[in-house]
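Asks:
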Amino acid sequence: MKDDEKKSWRGSGWKPRAHNWSGRRRSIWKNLDQARTAVINFMMRRKILVALFAVLSMLSLFTAVPFLPHFNWGSGKYVIILAANEGGGVMQWKGAKEWSVERSSIANKKAYAERHGYHLAIKDVSAKKRYAHEWRESWEKVDIIKQTMRQFPNAEWFWWLDLHTYIMEPQVSLDKQVFNNLYNNTYRDVSYFNPLNIPVHIPYVDYNQPVDLIVSQDCGGFNLGSFFIRRSEWTEKLLDIWWDPVFYEQKHMEWEHKEQDALEYLYTHEPWIRGRVGFIPLRKINAFPPGACADMENDPRLFYNQNDRDFVVNMAGCEWGRDCWGEMEYYKALNKKLHNKKFWFF
């Protein structure tokens, strides 16, 4: 642009238009008012449709009415790890009852996870000769936990459940059952219940650390049919040493319960492990049916109590002289009876 043109433009009296914010606000409010009026008019014309939508939304969000989609407000920080296909693979064929037990257990865990918004990882534990040493097949819980932690990198707590378990109170969340009051639900040493006579106190244990492993005990010691483990640096170290080849190479003939005996050995001798282990009463997450733990058959701390509505029943050892299918069917029927509702509200 030339100099004389610039001068004529400047001298023309033109000024930039000021923003009329008050007028713009009035326009926005006018549009909002029109939209509100249109919504109200639509609702008045479609009263039945709006009422039906509101009722269906309430039923979907706050009840268990069938044939409707239901939404949950759960957290993805919990992962349930379910061991499946036990007994299958190259060692033996599974019969109809074994498949029935597996279907029932999986359906139970799926329904619970969907209800509360948890992740469910169903892991195949059939014998496939995946490892170089034949005895390591039965130590694979540790390996599966490590795999699942990689699969769900944002999850915090991992709940291992054996196949022969059944959640009897599916309406109870893990927060309500365990984690909302974690430090009152757990105890930090074995003085409360000590079936293995493990030394209660060893030097250099710091119990002021947070709990990263929650286990229960039965008449035989630590029970790993139902336990919780939290993602942390401590957990990574524990899993590495727990999965160390030294244990299964040197101890597989001595330790009958495999990884359970390994964990008990580590807890007994390692103060850094004791400091982050919390024990929880067996019936809180792992109640036994009659016939399990025959050595303590009259101990009320161990066995499922229908009147107390115990959370989980673990048919531990049912494959050794008991009827796994019969026990699973019994607790399925009992669960249905306990939660049978004429109406599906709440």
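Following this note's numbering, the numbering of the sequence shown begins with 1407 at its first residue and continues without gaps.
C-beta: ideal position from N, C-alpha, C; glycine also.
(1) Taking a contact to mean a Cβ-Cβ separation below 8 angstroms, would you say His1570 touches Asn1720 in this structure?
(2) How is the alpha helix (DSSP H) around Val1548 delimited, first residue to last?
(3) Please report how far the alpha carbon of Val1718 lies from the alpha carbon of Ser1511, in whole angstroms.
(4) Helix, strand or coil: how does DSSP classify Gln1813 here?
(5) Taking just the CA atoms, how far does Ile1573 sit from Arg1728?
(6) Determine the extent of the beta strand (DSSP E) in which Gly1627 is found, giving its start and end residues.
(7) Touching or not, the stretch 1622-1632 and the stretch 1664-1673, by the rule of three or more beta carbon pairs under 8 angstroms?
(8) At the level of alpha carbons, what is the spacing between Asn1711 and Phe1459?
(9) Would you say Asp1595 and Gly1681 are within 8 angstroms of each other, going by their C-beta atoms?
(10) Report the option in Asn1587, Gln1623, Val1617 whose CA atom is closest to the CA atom of Pro1601.
(11) Which residues in the same chain have their Cβ closer than 6 angstroms to the Cβ of Arg1689, if we skip the five residues on either side of it in sequence?
(12) List the endpoints of the continuous alpha helix (DSSP H) containing Ala1668.
(13) Under 8 angstroms: do the stretch 1481-1489 and the stretch 1513-1533 share three or more Cβ pairs, one atom per stretch?
(14) Any heavy atom of the ligand ADP within a distance shorter than 7 angstroms of the CB on Leu1438?
(15) Pairs of beta-carbons, one from the stretch 1603-1622 and one from the stretch 1546-1558, closer than 8 angstroms: are there three or more?
(16) Between which two residues does the beta strand (DSSP E) holding His1570 run?
(17) What number of angstroms, rounded off, separates the C-alpha of Glu1639 from the C-alpha of Pro1576?
(18) Suppose you measure from the CA of Glu1520 to the CA of Gln1615; what does that come to, to the nearest Å?
(19) For Ile1686, which of Phe1564, Trp1566, Asn1591, Ala1490 has the nearest alpha-carbon?
(20) Can you grab the Cα-Cα spacing for the pair Thr1443 / Arg1451, in whole Å?
(21) Using only the alpha-carbon positions, how far apart do Trp1731 and Ala1502 sit?
Replies: Checking against the coordinates, here is how it stands:
(1) yes
(2) 1547-1557
(3) 12 angstroms
(4) Residue numbering for the chain in the displayed model covers 1407 to 1752; residue 1813 lies beyond these limits and cannot be assessed.
(5) 20 angstroms
(6) 1627-1636
(7) yes
(8) 42 angstroms
(9) no
(10) Gln1623
(11) Asp1716
(12) 1665-1675
(13) yes
(14) The ligand ADP is not part of this structure, which contains no ligands at all.
(15) no
(16) No beta strand (DSSP E) contains His1570, which DSSP labels as neither H nor E.
(17) 32 angstroms
(18) 32 angstroms
(19) Asn1591
(20) 12 angstroms
(21) 10 angstroms
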